[in-house]
Amino acid sequence: MSKSLKKLVEESREKNQPEVDMSDRGISNMLDVNGLFSLSHITQLVLSHNKLTTVPANIAELKNLEVLNFFNNQIEELPTQISSLQKLKHLNLGMNRLNTLPRGFGSLPALEVLDLTYNNLSENSLPGNFFYLTTLRALYLSDNDFEILPPDIGKLTKLQILSLRDNDLISLPKEIGELTQLKELHIQGNRLTVLPPELASTADTCKQTQNRRRKIMTNRKRSAGNP
């Protein structure tokens, strides 16, 4: 029998356990989990496969979080307070219902991996400081509604993985050539007819998964999960 949520909170507090896994528990409101926001010591919180629709502002109280996983919920909005998580390195918001990101979202100075796959985001969803996330190594934007990739993508110079599969992209900005550390670029399932010549500068190290120029318009099958 699985432990109760109350027991998980108590054990984490008493034993100073840094990781709390509350995945697949039918949770619809984080505020219903008594004591959760008193666990200021935890570094990892997994709430995937639940029924959350919002994230409360109290998330800022978990100031030592490095990994936060909300994969496969029904989250429609995030609080601005999420940017208070100054130690956060890995944020998974894949498979939710986000159509916008909060003001100040780019103020996460340690973030390395951001998964926004399977949401309702577009270029108009991104706050002005989104591309201040210059510590990002992996950015997953697949299965959203992007028609344009903003030129500021070139500011994310530490990116090694950029996944843009299954959007509505008709072109890529020349600034993508500034991503000199890029190793994987996933762009299948878009409406691209040409690639910017600047992309050639990363061609030696970057694999354009299933996107040889001759296949751009023919390979549009959706695939599940991150590469």
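Take 1 as the starting number for the sequence shown in the UniProt record's numbering and just add one per residue.
Here a beta-carbon is modelled for each residue, glycine too, at the ideal position from N, C-alpha and C.
Kindly give me the distance between the Cβ atoms of residue i and residue j, rounded to whole angstroms, as I take these residues to be in contact under 8 Å.
i	j	result
T117	Y140	5 Å
L101	E76	Going by Cβ atoms, the distance from L101 to E76 rounds to 12 Å, so no, they are not a contact pair.
L136	L159	6 Å
E147	D168	5 Å
A138	I153	Going by Cβ atoms, the distance from A138 to I153 rounds to 14 Å, so no, they are not a contact pair.
N144	S122	7 Å
Q74	N92	Rounded, the Cβ-Cβ distance is 15 Å, inconsistent with contact.
N50	G35	Rounded, the Cβ-Cβ distance is 17 Å, inconsistent with contact.
M30	V55	7 Å
L52	S28	7 Å
H186	S142	7 Å
Grouping DSSP H, G and I as helix and E and B as strand, with all else coil, what is residue i?
i	result
residue 242	There is no way to answer for residue 242, as the model of the chain reaches only from 1 to 227.
R220	Low local confidence applies: a pLDDT of 32 at R220 is under 50, so the model's placement there is unreliable, with the coordinate-based value given in what follows. DSSP places R220 in coil when its eight states are reduced to three.
S163	strand
T43	coil
G36	Here the sequence assigns Leu to residue 36, which means Gly is not the residue at that position. Of the three classes helix, strand and coil, the one that applies to L36 here is helix, per DSSP.
V9	helix
D24	coil
E198	helix
E123	helix
L156	coil
T80	helix
N92	strand
N69	strand
A60	helix
E184	strand
E19	strand
L139	strand
Considering only residues of the same chain and omitting the five flanking positions on each side of residue i, which have a CB-CB separation below 6 Å?
i	result
P196	L172 and K174
N129	G106
P127	L101, R103 and F105
N119	N96, L98 and N144
P18	I42 and T43
V33	L5
Leaving out five residues on either side along the sequence, give the residues of the same chain with a beta carbon under 7 Å from the beta carbon of residue i.
i	result
A200	none
T202	G177, L179, T180 and L182
A110	Q86, K87, L88, K89 and T135
L39	V9, S12, R13, V20 and L62
F37	N58, E61 and L62
N16	H41
L108	S83, L85, L88 and L133
Measuring from the CB of residue i, is there a heavy atom of the ligand NAD at a distance below 7 Å?
i	result
N72	In the structure on display, the ligand NAD does not appear, and there are no ligands present to speak of.
Between residue i and the rest of its own chain, which residues show a CB-CB distance below 8 Å, the 5 nearest in sequence each way excluded?
i	result
T157	T134, E178, L179, T180 and Q181
Q. Are at least three pairs of beta-carbons, each pair with one atom in the region 55-69 and one in the region 26-46, less than 8 Å apart?
A. Verdict: yes, contact present.
Q: Give a yes or no on contact between the region 84-102 and the region 52-62, applying the rule of three or more CB pairs nearer than 8 Å.
A: Yes: the two stretches touch, three or more of their Cβ pairs being nearer than 8 Å.
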